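J.: Quick one: the structure is below, questions incoming.
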Amino acid sequence: MDEHIKLETQPNNSNFWKGLLFFIPTGVLCTIAGYINGTYVMSNNEYYLLMYPQLNEEQVASLNQTPIWLNCIAPIITNLFFVFVVSLVVFIGYYLTTKVKFGTIFKCTALSQTVFAIMYIAYYTLIGLYKFPDCLAELSIMPLSLASFFDVCRLDMWMIPPLSYVNVFEIAYMALLAYLLSKNVKQQYKESLKMVLYTYGLMLLLIVVCVSAGSVYMTE
455 MDEHIKLETQ
465 PNNSNFWKGL
475 LFFIPTGVLC
485 TIAGYINGTY
495 VMSNNEYYLL
505 MYPQLNEEQV
515 ASLNQTPIWL
525 NCIAPIITNL
535 FFVFVVSLVV
545 FIGYYLTTKV
555 KFGTIFKCTA
565 LSQTVFAIMY
575 IAYYTLIGLY
585 KFPDCLAELS
595 IMPLSLASFF
605 DVCRLDMWMI
615 PPLSYVNVFE
625 IAYMALLAYL
635 LSKNVKQQYK
645 ESLKMVLYTY
655 GLMLLLIVVC
665 VSAGSVYMTE
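Now the structure itself:
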């Protein structure tokens, strides 16, 4: 009996720890993004004056004393939490139809998260080296999105999330996640893509609706 239990539990633990190992590339990229943000963006007085126009210069200067290591760790924790949430959502969808281990889903999600880590690096680099946002709304939009075709400074806040979340990186993320799932779950790519759209796509739609509703509530 003990041997049977050992054989059953060992693969689950192995898959989960492998999933954490697959998060290492994402974690490294998130550290780089956090360093760029903390060095070239967060340290810029204009950033705080843009977000908190009611603060004076002394208060802005005190905010700039945030340790660089904190800026590097924060995106790692945020993205790791996002990986857990997406993995759980996709796992529930698969578990209702196919008995797939959570560790397998987590491994695919962790590796797919590199898409967003690359996005953060590109976004912070562009802000820090080229163009600083003209308004607070521009800080919340994702690069290469539908929002890039509009003057977001003139739009209502509730319109920005739907335009921002339709972007190249979200599409690339879902495509990569579906591909990795098809290889690990051993199913056709079309089936994996459908599962991603049904689970992650529905979650993303819910986030957009909640953020838009929150924006309407805050502006009232």
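Under the working numbering, think of the first position of the sequence shown as 455, with each following residue one higher. Where a beta carbon is used, it is the ideal one built from N, C-alpha and C, also for glycine. Since the model is a prediction, treat every value here as computed from it, not as a measurement.
(1) Quick one: using the 10 Å Cβ neighbour count with 16 as the cut-off for buried, is Phe560 buried or exposed?
(2) How far does the alpha helix (DSSP H) with Cys562 in it extend, from its first residue to its last?
(3) Would Met657 pass as a contact of Val543 if the rule is Cβ separation under 8 Å?
(4) So for Ser646, helix, strand or coil by DSSP?
(5) For Ser599, name the three-state secondary structure that DSSP assigns.
(6) Taking the beta carbon of Thr551 as the centre, do at least 16 other beta carbons fall within 10 Å, making it buried, or is it exposed?
(7) Out of curiosity, what's the CA-to-CA distance linking Leu598 and Phe535?
(8) In this structure, what does DSSP give as the bridge partners for Asn621?
(9) Counting C-beta neighbours from all protein chains within 10 Å, is the total for Ile531 16 or more, i.e. buried, or is it exposed?
(10) Go through its chain and collect everything with a Cβ distance to Thr568's Cβ below 8 Å, but skip five positions before and after it.
(11) Using a Cβ-Cβ cut-off of 6 Å (strictly less than) and excluding sequence neighbours within five positions of Glu457, which residues of its own chain qualify?
(12) Between the Cα of Ile490 and those of Ala571, Leu565, Tyr619 and Ile661, spot the shortest distance and give me the residue it belongs to.
(13) Is the number of C-beta pairs between the region 603-617 and the region 578-594 that are closer than 8 Å three or more?
(14) Considering only the beta carbon of each residue, do Tyr578 and Val665 sit closer than 8 Å?
(15) For my contact list, Thr558 and Val639 are in at a C-beta cut-off of 8 Å; report their separation, rounded to the angstrom.
(16) Count the other C-beta atoms from every protein chain shown that fall within 10 angstroms of the C-beta of Pro529, then say buried if there are 16 or more, exposed otherwise.
(17) Helix, strand or coil for Thr493? Go by DSSP, reduced to three states.
(18) Considering Ser541, what are the terminal residues of the alpha helix (DSSP H) in which it resides?
(19) Can you list, in chain order, the residues of its chain with a C-beta nearer than 6 Å to that of Asn467? Leave out the 5 residues immediately preceding and following it.
(20) If distances are taken between C-alpha atoms only, which option among Arg608, Phe556 and Val622 comes closest to Ala576?
T.: A quick look at the data gives this:
(1) Buried, by the Cβ-count rule.
(2) It spans Phe556 to Ser566 - the alpha helix (DSSP H) in which Cys562 sits, taken as one unbroken run.
(3) Cβ atoms of Met657 and Val543: closer than 8 Å.
(4) Residue state, collapsed to three classes: helix.
(5) Strand.
(6) Thr551 is exposed by the Cβ-count criterion.
(7) The alpha-carbon of Leu598 is positioned some 24 Å away from that of Phe535.
(8) Partner(s): Ser599.
(9) Ile531 sits exposed, since fewer than 16 C-beta atoms from the chains shown fall within 10 Å of its C-beta.
(10) Excluding sequence positions up to five before and after Thr568, its CB lies within less than 8 Å of the CB of Pro479, Thr480 and Leu483, all in the same chain and listed in chain order.
(11) With a pLDDT of only 41 at Glu457, under the threshold of 50, the placement of this residue in the model should not be trusted; the figure read from the coordinates follows. Only residues of its own chain outside the window of five on either side were considered, and among them none has a CB closer than 6 Å to the CB of Glu457.
(12) The candidate whose alpha carbon is nearest that of Ile490 is Ala571.
(13) Verdict: yes, contact present.
(14) The Cβ atoms of Tyr578 and Val665 lie no closer than 8 Å to each other.
(15) Rounded, the Cβ-Cβ distance is 7 Å, consistent with contact.
(16) The residue is buried, with at least 16 neighbouring Cβ atoms inside 10 Å.
(17) Looking at Thr493 - three-state DSSP - the assignment turns out to be helix.
(18) Counting along the chain, the alpha helix (DSSP H) containing Ser541 begins and ends at Ile522 to Tyr549.
(19) The predicted model places Asn467 with a pLDDT of 49, which falls under 50 and marks its position as unreliable, so this point remains unresolved.
(20) If you compare the alpha carbons of Arg608, Phe556 and Val622 with that of Ala576, the shortest gap goes to Val622.
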